[in-house]
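K.L.:
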Amino acid sequence: MSAAIRDLACQEIVELVTDYLEGAMDAPLRASFEAHLAGCPHCTHYVEQIEATIRIAGTIAADDLPEEFRAGLLEAFRGFRRE
Amino acid sequence: MPLNIGPQISSSWPCGRAAGASGCGSAFTGSAILATRSDGTARRRLAGTATRVPPDEDAELLRSLRAGDEQAFATLVDRYGPSLLRVAQLFVPTRSVAEEVVQETWLAVLTGIERFEGRSSLKTWLFRILTNKAKTRGRRDARIVPFASLAADGDEDGTAVDVDRFAQGGEWRSPPRGVPEERLLAGEARRTIENAIAALPPNQRAVITLRDVEGLSAEEACNVLGVSETNQRVLLHRARAKVRAAFEEYLDS
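Taken in sequence, the protein lines are chains A and B. Residues in the first sequence are numbered from 1 upward in steps of one, following my numbering. Residues in the second sequence are numbered from 1001 upward in steps of one, following my numbering.
In structure tokens, the structure reads:
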């Protein structure tokens, strides 16, 4: 497999990050990608920034429902149950 | 009643992301992020933790709901309602229409609960009902965000990173820097990312919201949106690249 590993440029790496994180790469490309990262702190930082972005996005909370709206839903539930 | 959003759930329950170097974000499950109302209840919940619930818990609530238990309904509304309302707003033009779509979704849940077999997660099922309702609604109003023209957000030729930042041979000329841990935890980092997501073209915003904010898997997001894996990934790639650029600007500021 190592014969299939090719040199990727940093500029290619940034376009491949999503495929990498999504597990959408074939094994040779994945090996090439990882080989590049192992030797390139800049691209490693790039990937870390993407990962941090994803993690922080996962902490963005949705606002609680407005009380009136929530009450309306519960009212609809009672109406539904009576039917 | 505030939901149990303890990290014991989020750290063990898979976050739905595909395999790879991406973690589940459990480092961010601290309760410090929660603001509280004067009555002590949480004003904003941590989407990433509050809505990634073990299926067993949902299954039990669904059993109670089938039996007509209002408390079970209220718990589900509190657990998934805020996310549903946020996602609805991706598809319809106004907040009030979004609220109507969410209400229709819950009624459809009550009508269809016997048919829910638990093959998908409850959340995916809810989101799929929601998007169907939103699409029906949009056809009626002819004002829906056009998800049919997927990937046509107008920047297909865009690059993840400004070409000027690379030298001739494709190596970094102006490389990104490392991510200092303390800057991650600041509320400002989250606001930066929230604003960057809000500024995305609608299709990219929809995909990144479902994937990274709501924590759906790629397959679930495709299901909800009715798009191919490839389209989904292209949109996610563009979205994440732009949000990262905003995040980098924040890091460098």
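Using N, Cα and C, we set each Cβ at its ideal position, and we do this for glycine too.
1) Please classify residue 1023 of chain B: does DSSP put it in a helix, a strand, or coil?
2) For residue 1281 of chain B, which three-state DSSP category applies?
3) At least one CB of chain B closer than 8 Å to the CB of residue 26 of chain A: is that the case?
4) For residue 81 of chain A, go through chain B and note every residue whose CB falls closer than 7 Å to its CB, in chain order.
5) For residue 76 of chain A, which residues in chain B fall below 8 Å Cβ to Cβ?
6) CB-CB under 8 Å to residue 1172 of chain B, same chain, minus the five flanking residues each way: which ones, in chain order?
7) Short check: CB of residue 1224 of chain B to CB of residue 1124 of chain B, under 8 Å?
8) With a 10 Å radius around its C-beta and 16 neighbouring C-beta atoms as the bar for buried, classify residue 1168 of chain B as buried or exposed.
9) Which of helix, strand or coil does DSSP assign to residue 1058 of chain B?
10) Taking only three categories from DSSP, how would you classify residue 63 of chain A?
11) Between residue 52 of chain A and residue 1184 of chain B, is the Cβ-Cβ spacing less than 8 Å?
12) Is it right to say residue 1083 of chain B is buried, meaning 16 or more other beta carbons lie within 10 angstroms of its own, or is it exposed?
13) Which residues in the same chain as residue 1012 of chain B place their Cβ atom closer than 6 Å to its Cβ, once the five residues preceding and following it in sequence are excluded?
14) Examine the Cβ distances between the segment 1188-1198 of chain B and the segment 1231-1250 of chain B and report whether three or more of them are shorter than 8 Å.
15) Can you check whether the C-beta of residue 58 of chain A is within less than 8 Å of a C-beta belonging to chain B?
16) Is the CB-CB distance between residue 1158 of chain B and residue 9 of chain A below 8 Å?
17) Keeping to the same chain, check which residues put their C-beta closer than 8 Å to that of residue 5 of chain A; ignore five residues upstream and five downstream.
18) Mind checking who residue 1172 of chain B pairs with in its DSSP beta bridge?
19) So, at 8 Å on beta carbons, what are the nonlocal neighbours of residue 14 of chain A in its own chain, with the 5 sequence-adjacent residues on each side left out?
20) Within its chain, find whatever has a CB closer than 7 Å to the CB of residue 1236 of chain B; leave out the 5 residues flanking it on each side and keep chain order.
21) Starting from residue 1074 of chain B, find everything on chain A with Cβ-Cβ shorter than 7 Å and list it in chain order.
22) Using three-state DSSP, classify residue 1226 of chain B as helix, strand or coil.
23) With a threshold of 7 Å on Cβ separation, who are the neighbours of residue 1179 of chain B within its own chain once the five nearest residues in sequence on each side are excluded?
24) Which same chain residues, not among the five before or five after residue 1174 of chain B, have their C-beta less than 7 Å away from its C-beta?
25) Would you decide whether residue 39 of chain A is buried or exposed? Buried here means 16 or more other CB atoms lie within 10 Å of its CB.
26) Can you tell me whether residue 1243 of chain B is buried or exposed? The criterion is at least 16 other CB atoms within 10 Å of its CB, across all chains shown.
27) My output table needs one value for residue 19 of chain A: the three-state DSSP class, helix, strand or coil.
28) From this set, B:1213, B:1238, B:1181, B:1229, which residue's C-alpha is nearest residue 1201 of chain B's C-alpha?
29) What number of angstroms, rounded off, separates the C-alpha of residue 74 of chain A from the C-alpha of residue 1130 of chain B?
30) Mind checking which residues open and close the alpha helix (DSSP H) that includes residue 47 of chain A?
31) So, are the CB atoms of residue 1074 of chain B and residue 1065 of chain B less than 8 Å apart?
P.N.:
Quick look at the numbers:
1) Note that residue 1023 of chain B has pLDDT 35, beneath the 50 cutoff, so the model's placement of it is unreliable and the number below is only indicative. Per DSSP, reduced to three states, the secondary structure at residue 1023 of chain B is coil, with no helix or strand assignment.
2) Here chain B covers residues 1001 to 1253 and nothing more, so residue 1281 of chain B does not appear.
3) no
4) 1068
5) Residues of chain B passing the Cβ test: 1103, 1106, 1107.
6) 1165, 1166
7) Yes, these two residues count as a Cβ contact at 8 Å.
8) exposed
9) helix
10) strand
11) yes
12) buried
13) For residue 1012 of chain B, the pLDDT reaches just 28, beneath the cut-off of 50, and the residue's location in the model is therefore unreliable, leaving the point undetermined.
14) Between the segment 1188-1198 of chain B and the segment 1231-1250 of chain B there are three or more inter-stretch CB-CB distances shorter than 8 Å, so the stretches are counted as touching.
15) yes
16) no
17) 28, 31, 32, 35
18) B:1166
19) 43, 46
20) 1207, 1208, 1211
21) 74
22) coil
23) 1251
24) 1165
25) exposed
26) buried
27) Looking at residue 19 of chain A - three-state DSSP - the assignment turns out to be helix.
28) B:1238
29) If you take the alpha carbons of residue 74 of chain A and residue 1130 of chain B, they lie about 18 Å apart.
30) 41-57
31) no
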